[in-house]
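Novice: In terms of the numbering used here, the sequence shown opens at residue 6 and continues consecutively.
Have a look at this one before I ask anything.
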Amino acid sequence: KAVRLLVDRMDREDIHFPLHLGVTEAGNGEDGRMKSAVGIGALLSDGLGDTIRVSLSEEPEAEVPVARKLVDYVMQRQNHSPIDGQQFPGFSPFSTDRRETDAVWNIGGDFLPVVISDRSRIDNMGINPHFLPDYIYTGSRVPENFPKGMKSIVDFAYWREGIDRYPLFAADEIGYLKTCTAQVKFLRLSYPQLTSEMISLLKEEPKLVVILTTDHLNGVGEQRAFFHALLNADCRVP
């Protein structure tokens, strides 16, 4: 937020100094790398920053590969295909408020973000009691060794009604939404699929949760365009 405020003030004053980005003493190991990626990467994705410094609680030579990966990530997304989006007039890059959504079961509204573990391509259904997901996505199967008491998400074509079992619809399966009796219905969508008709459906279906996907080279930008489209349509689907 501080960097964005600085850039805003510089723009208003017609000052154009280069910016150096860094997260001081982010830590070591995986935690330090994640903090650096989130803190620096979010600003680079906004087009902010001219030099970066990754600061880990490790030997200096361990910092350069992390910094190089961040720069490469952004550079590889240059000259991507245009994203046809329209910014929501009320959007503020300085606000940290969450987008307001309707609650569907334990998702959206005032609930904390849920964690979905993707086990669709692995047979291991074991879970760490210290890191329990809220849902486990199993794809086209319901494994016999599925942990008792856990909520599962299954592709709609293979879904059968059951306790703590919820369907995941594809965009071409929306005709089955209204007849489905599940308490929560997940719908996999990408920005190109977000037509005006689709937005109308999202606003009408009260038990729907969107699983947002992207295969665009600039995935961050395309997913942001998706959220702005929802805001412009006053669509509160989680």
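Positions of the beta carbon are idealized from the N, C-alpha and C atoms, including for glycine.
Return helix, strand or coil for PRO172, following the three-state DSSP convention.
Specialist: Three-state result, PRO172: strand.
Novice: Between the region 87-106 and the region 229-241, do at least 3 Cβ pairs fall closer than 8 Å?
Specialist: The answer is yes - the region 229-241 touches the region 87-106, with three or more Cβ pairs under 8 Å.
Novice: Give the DSSP-derived three-state secondary structure of ASP128 in the structure shown.
Specialist: Looking at ASP128 - three-state DSSP - the assignment turns out to be coil, as it is neither helix nor strand.
Novice: Enumerated in chain order, which unbroken segments of the beta strand (DSSP E) with a length of 3 residues or greater are wholly contained in the region 103-162?
Specialist: The qualifying runs are 121-123, 140-144 and 156-160.
Novice: Nearest to HIS221 by alpha carbon, out of LYS156, VAL71 and PRO197?
Specialist: Of the listed residues, the one whose Cα sits closest to HIS221 is PRO197.
Novice: Identify whether PHE93 lies in helix, strand or coil by the three-state DSSP scheme.
Specialist: Residue state, collapsed to three classes: coil.
Novice: Within the continuous beta strand (DSSP E) that includes LYS183, where are the two ends?
Specialist: Element bounds for LYS183: n/a, residue is neither H nor E.
Novice: For the beta strand (DSSP E) that contains ILE88, what are its first and last residues?
Specialist: Taken as a continuous stretch (DSSP letters only), ILE88 belongs to no beta strand (DSSP E), as it is neither H nor E.
Novice: DSSP three-state call for ILE204: helix, strand or coil?
Specialist: In the structure shown, ILE204 sits in a helix (DSSP, three-state: H, G or I).
Novice: Ignore the nearest five residues each way along the sequence and tell me which others in ALA67's own chain have a CB closer than 8 Å to its CB.
Specialist: Excluding residues within five positions, the ones whose Cβ falls inside 8 Å are LEU61.
Novice: Could you tell me whether any non-hydrogen atom of the ligand FAD is closer than 7 Å to the CB of ARG9?
Specialist: In terms of ligand content, the structure shown is empty, and the ligand FAD therefore cannot be addressed.
Novice: Is there contact between the region 93-112 and the region 120-132, where contact requires at least three CB pairs shorter than 8 Å?
Specialist: No: fewer than three Cβ pairs fall under 8 Å.
Novice: Please state whether DSSP places HIS25 in a helix, a strand or coil.
Specialist: It is a strand residue.
Novice: Within the same chain, show all residues whose beta-carbon is closer than 6 Å to that of SER145, passing over the 5 residues directly before and after it, in chain order.
Specialist: Excluding sequence neighbours, SER145 sits near ASP160 and TYR163.
Novice: Taking the beta strand (DSSP E) that PHE191 falls in, what are its first and last residues?
Specialist: Unbroken beta strand (DSSP E) run through PHE191: 190-194.
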